[in-house]
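Asker: So the sequence shown is residues 1303 to 1515, counted in my numbering. Starting off with a structure, shown below.
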Amino acid sequence: MQVKKFEFNPFSENTYVVYDKSREACIIDCGAYSDQEKAAVKQFIADKELIVKQHIYTHLHLDHSFGCAFIYDTYGIEAKYHHSEKNFMPSLSQQALTFGITIDEREIPGHEIDESSTISFGEDINFQIFLIPGHSPGGLCFYSSKHQSVFVGDVLFKGSVGRSDLWGGDHNALVEGIKKKLLTLPMHTKVFSGHGPDSTIEYEKNNNPYLQE
């Protein structure tokens, strides 16, 4: 399994393209905002001759979903996300106004997923899904046991956890979910966050000040 990380938009959000030698790919949290950022995604996928099979979101805060319409328009792949992200949060255009940003919001076809769902692509990439609310109402993490990796969005960062002062935030629920569902993973599991550097479960368990209680 190969992972390409892009840092996009004014919020320095991490967008991921995950793929393997079959050339099938999954795009996670496309935050491409500018024309240049969208072009970078298209160029990478074209250069690697990738076939986009999955288009998934850990949550639908606008910094993680600026590029949702772009991916659908370009590759015809519907977005997948937890239903709470649509039902209990403001629309993307309403969120954008909060930060003084204007976006062209369109209703993009999508599928609701939850912990009973599995995201599969490539020769042997299967993501188990963990629901960990607290940063957002329906925050999801995507875990591959075979490839020892978990994509956590803004649930967990290196040395920190997601903010809980936005729509549907709950710090206690967030920390509890991390401890029960992420810190119980194998220590060598690599953590790919929605902002900032990568980490490991071992590092967070031993060093993250929010998880030591």
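All residues carry an ideal CB built from backbone N, CA and C; glycine is no exception.
So residue 1533 is in the beta strand (DSSP E); what residue range does that whole segment cover?
Answerer: Not covered by the structure: residue 1533. The range shown for the chain is 1303 to 1515.
Asker: Could you pull out every residue in the same chain whose Cβ sits closer than 6 Å to the Cβ of residue 1430, ignoring the five residues on either side in sequence?
Answerer: Taking the sequence shown and counting its residues from 1, the one referred to as residue 1430 is at position 128. Excluding sequence neighbours, residue 1430 sits near 1445.
Asker: On a Cα-Cα basis, can you pick out the residue from 1314, 1339, 1336 and 1346 that is closest to residue 1328?
Answerer: Locating residue 1328 in the sequence shown gives position 26, where the first residue counts as 1. With distances taken between Cα atoms, residue 1328 lies closest to 1346.
Asker: Rounded to whole angstroms, what is the Cα-Cα separation between residue 1386 and residue 1440?
Answerer: If you number the sequence shown from 1, residue 1386 lands on position 84. If you number the sequence shown from 1, residue 1440 lands on position 138. Going from the Cα of residue 1386 to the Cα of residue 1440 covers about 5 Å.
Asker: So residue 1318 packs on residue 1307, CB below 8 Å; how close in whole Å?
Answerer: If you number the sequence shown from 1, residue 1318 lands on position 16. If you number the sequence shown from 1, residue 1307 lands on position 5. Right, their Cβ atoms sit about 6 Å apart.
Asker: Between the segment 1459-1479 and the segment 1374-1385, do three or more beta carbon pairs fall short of 8 Å?
Answerer: Taking a cut-off of 8 Å on C-beta distances, the segment 1459-1479 does not touch the segment 1374-1385, as fewer than three cross pairs fall below it.
Asker: Would you mind sorting residue 1490 into buried or exposed? The rule is 16 or more other CB atoms within 10 Å of its CB.
Answerer: Within the sequence shown, the letter at position 188 stands for residue 1490. Residue 1490 is exposed by the Cβ-count criterion.
Asker: Between the segment 1361-1372 and the segment 1395-1404, do three or more beta carbon pairs fall short of 8 Å?
Answerer: yes
Asker: Determine whether the beta carbon atoms of residue 1421 and residue 1457 lie at a separation below 7 Å.
Answerer: Here residue 1421 corresponds to residue number 119 of the sequence shown, with the count starting at 1. Here residue 1457 corresponds to residue number 155 of the sequence shown, with the count starting at 1. It is not a contact, given that the beta carbons lie outside the stated cut-off.
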